Every structure is written in C-alpha cells, then in structure tokens.
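What follows is a single structure, written as structure tokens, with notes after it.
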Amino acid sequence: MGGRTVSAGMLALLQATDRNGHLAGRLDVNHWPVTVGRALDNDMVLGDSHLAASHLRIDRSPEGEVRVEVLDTANGITLNAKHYMRGEVFVWPAGTALSLGRLKLGLRLAEEPVVAEEPLAHFRWATVGWTLLAVGAMLAAVVFEAWLMYTDTAQLPGQLLGLIALVALVFPVWAGFWALLTKLFTGRLQFWRHVRIACASTLLVQAAVALCGMLAFMFSLENLAKFANLQILLGLAVAVYLHLAVVMPHSRRKLGGTVAGVALLLMVGILGTSWLQNKRLSNTLHMSVIYPPGWRMAPAVPVSQFLQEAGDIRRRLDQRLKDKDQDGEGLDGSGESE
Numbered sequence: 004m005g006g007r008t009v010s011a012g013m014l015a016l017l018q019a020t021d022r023n024g025h026l027a028g029r030l031d032v033n034h035w036p037v038t039v040g041r042a043l044d045n046d047m048v049l050g051d052s053h054l055a056a057s058h059l060r061i062d063r064s065p066e067g068e069v070r071v072e073v074l075d076t077a078n079g080i081t082l083n084a085k086h087y088m089r090g091e092v093f094v095w096p097a098g099t100a101l102s103l104g105r106l107k108l109g110l111r112l113a114e115e116p117v118v119a120e121e122p123l124a125h126f127r128w129a130t131v132g133w134t135l136l137a138v139g140a141m142l143a144a145v146v147f148e149a150w151l152m153y154t155d156t157a158q159l160p161g162q163l164l165g166l167i168a169l170v171a172l173v174f175p176v177w178a179g180f181w182a183l184l185t186k187l188f189t190g191r192l193q194f195w196r197h198v199r200i201a202c203a204s205t206l207l208v209q210a211a212v213a214l215c216g217m218l219a220f221m222f223s224l225e226n227l228a229k230f231a232n233l234q235i236l237l238g239l240a241v242a243v244y245l246h247l248a249v250v251m252p253h254s255r256r257k258l259g260g261t262v263a264g265v266a267l268l269l270m271v272g273i274l275g276t277s278w279l280q281n282k283r284l285s286n287t288l289h290m291s292v293i294y295p296p297g298w299r300m301a302p303a304v305p306v307s308q309f310l311q312e313a314g315d316i317r318r319r320l321d322q323r324l325k326d327k328d329q330d331g332e333g334l335d336g337s338g339e340s341e
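Next comes the structure, spelled out in structure tokens:
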C-alpha cells in the first residue's frame, strides 16, 4: 500500500493551462472517447473564445495509441509546430502538449509513472553569496572604468561616490520593476534573481566593449572600437530577454524572436541616423582608451602610407565643408531660399 490507487474508472487526466501556466480546466477521463470544446455537452468544457463549440475528440486505440480528431473548428490544433485543421486525425505522443486557441492541453495516462516530488524552495545562502559577488564585481567594474575615463584626480573621489550612489539607485529600481512583473505573471517576486541578471549583463557588456577595444588596438581593427554602442545595445537586448524569460517562462521562443527583432530595428535606426547626419555609420572617430604600446601586434604603418591616409581624410573634410558652404549660398540674407 505504498502509493495511491487509481480508481478503476479513471483512465487519464486532462489539464488545460493558459499562457502563464495557470490551470484553466481539468477532466478525470473515465471513458474513451472524450470531446473538448466550449459547448456544455462536451466532456471537457473550456471558456477560451478561440475554441469551437466542439473542438476535438480524443480516443485510444486497442494498441494504446492516443488519437486526436480535429472537429468543426476554423483555428485547428498545433502539435510540435505542426498545424492540423478540421477533419484531420493524428497520434498524440506521450509527454507533449496540444495548442488550441490560447490554451495548452496536456494528457497524463493512468499507467504513466508519477514524476518525482519536487523539494520545497528554501532560503539558499549560496544564492546570497553569488548575488553579493555579482553586485561587488559590477560595482568594481563600473568604478574602474570611470577611473580610467576621469582626468581630474582632485575631483575623482567625489565623482566616484556620485557614480556609486547612482548605480545603487538605478539597479534596485530596474530589478524591482522586473520583479513586480514577475510577481504579476507568476506569483513569485524573484527580486534577487533579477539583480543577478542585471549585474551579469552589465559585466558582460563591459567585458565585451573592453575586449573589442583591446583587439582593435592590438591588431588595428578600428571597426571593433567604433561600434561600441551597438555592443551595448546587444547586451541590453540580452538582459531584457533574460528578464522576460523569468517573467514569462512559457513563452521564451516568442520572447527571443521579439527581442531580437526590436534590437535589429534599433541597430538599423542607429546606423541609418549616423549615416544621414555624418555620412558614416559610426559617430566614434577615435579610441577613448590607449593601451600600452607593447601590446601592439599589428605592423607599424609606413610614414608614406600614414601621410597618404591623412591626406585622404583632409580632402574628405574639405569637401564636406565646401558642400556646407554651397548649401548656405542657396539662402538669401533673410534666411529664405531664392
């Protein structure tokens, strides 16, 4: 008598959940076949308005296969990214979920083994340690980067204190916003998880920008340093996706596609705006950090080549100034076109 005995009439369990994983319907299956839909004469009645009056019929063959027949519905059923429409019949593999309307439908047969019990969540001191380590590393990286950029050493202590205070204000607000969303959609706050995501994302962005700048200096790959703003944008997109994956864990694929699409549009907008304003894709004209000369791996540029490239830059600048002067000549003294 070690386990619970299933009643003789119970053959399976049907459960419908919404996009957030909340239970939307349940049926103890005591006979085959069973029907699912919005009409009251179905075995399982669901309230999703995207379902038909009788949406599907589920039956089990003598061989044990679970078969699904799509009934009179215009929206159909999706299984493993394949869509089935009215009149089609297919086998429903164990352990998979059907998508119908805005719901997920799962089936557990009586003979299937019960999944092992999950332990209750307890306060984990190791998680606190990792959180403190992430916060400390992020603050250290921000302070170190600011120290490299500041030139007025007399005002450096006050500037660093102001920067630390700003970070201490912005990060809790950012993590708190995502924690409130998580509480709204999943019922759990998970504030410190969002803090870790924010800190890790900041560290990764700083490391990527520093690495690209270093490689640009070492091997004369200027483009790696010119597009640091795009690297920051990509890091922000990754951070937003990780936050959203905690808020809506059942929609990660759609969230990933949406975030990637928005990031791509923003990148195109940034590059296009820079081109329209400056006739170049990047606003960065030079490297902001100079590394030790011994780190250079690229061969030295001959003086003649340097003078030629400098002359080309001078000619382009002169041409731009000439174009601006010509544009100004099209206006009379009152500022109106002739």
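In the numbering used here, the protein residues as written are 4 to 341.
Here a beta-carbon is modelled for each residue, glycine too, at the ideal position from N, C-alpha and C.
Keep in mind it's a predicted model, so treat the numbers as computed, not measured.
Alpha-carbon spacing of residue i relative to residue j, whole angstroms
i, j, result
"F93", "V249", "34 Å"
"L164", "G28", "55 Å"
"F188", "H197", "15 Å"
"L123", "R191", "14 Å"
"T134", "D328", "57 Å"
"A143", "M270", "29 Å"
"M221", "L166", "30 Å"
"Y87", "A211", "45 Å"
"R323", "L172", "44 Å"
"V304", "L310", "10 Å"
"D321", "M141", "44 Å"
"Y294", "M251", "43 Å"
"S307", "G216", "26 Å"
"R255", "G161", "43 Å"
"E120", "R22", "24 Å"
"N281", "D326", "13 Å"
"P36", "L26", "22 Å"
Residue from the options with nearest C-alpha to residue i
i, options, result
"W177", "R255, P96, Q193", "Q193"
"L59", "P160, V48, F188", "V48"
"L43", "N33, P36, A56", "A56"
"A231", "D315, A213, V243", "A213"
"G226", "S285, V170, L267, E66", "First, the amino acid is wrong: residue 226 is Asn here, not Gly. Nearest option by C-alpha distance: S285."
"R319", "R283, C215, L279, Y87", "R283"
"H246", "A313, D315, L183", "L183"
"R169", "V145, W150, A157", "Here the sequence assigns Leu to residue 169, which means Arg is not the residue at that position. If we check each option's Cα against that of L169, V145 comes out closest."
"A15", "P160, V69, A313", "V69"
"R41", "E66, P296, T76", "T76"
9 Å Cβ cutoff met for residue i and residue j
i, j, result
"V73", "R63", "no"
"N78", "L103", "yes"
"T81", "I61", "no"
"F174", "C202", "yes"
"G24", "H253", "yes"
"A19", "K85", "no"
"A263", "A242", "no"
"A137", "E115", "no"
"V131", "W95", "no"
"L218", "L110", "no"
"T185", "K229", "no"
"Y244", "L258", "yes"
"I200", "L233", "no"
Cβ neighbours of residue i in the same chain (closer than 7 Å, five flanking residues each side left out)
i, result
"N83", "T99"
"E148", "Q209"
"H53", "N78, G104, R105"
"T8", "Summary for T8: the model assigns pLDDT 40, below 50, so the residue's position carries little reliability, and this model does not support an answer."
"A266", "L236, L237, A240"
"L207", "G238"
"W278", "L284"
Neighbourhood of residue i by C-beta, 8 Å cutoff - its chain only, sequence neighbours within 5 removed
i, result
"M13", "D31, V32, N33, A113"
"V118", "none"
"M300", "M221, F222"
Beta carbon proximity, residue i to chain B, threshold 9 Å
i, result
"L164", "Looking for chain B here will not work: only one protein chain is present."
Beta-carbon proximity list for residue i, same chain, < 6 Å, skipping 5 on both sides
i, result
"T205", "M141"
"G260", "none"
Output the residue ranges of the beta strand (DSSP E) runs that lie fully inside the stretch 216–259 and measure 3 residues or longer, sorted by chain position. none
Only counting runs of 3 or more residues, tell me where the beta strand (DSSP E) segments fall wholly within the stretch 86–131, in order along the chain. 92–94, 100–103, 106–112
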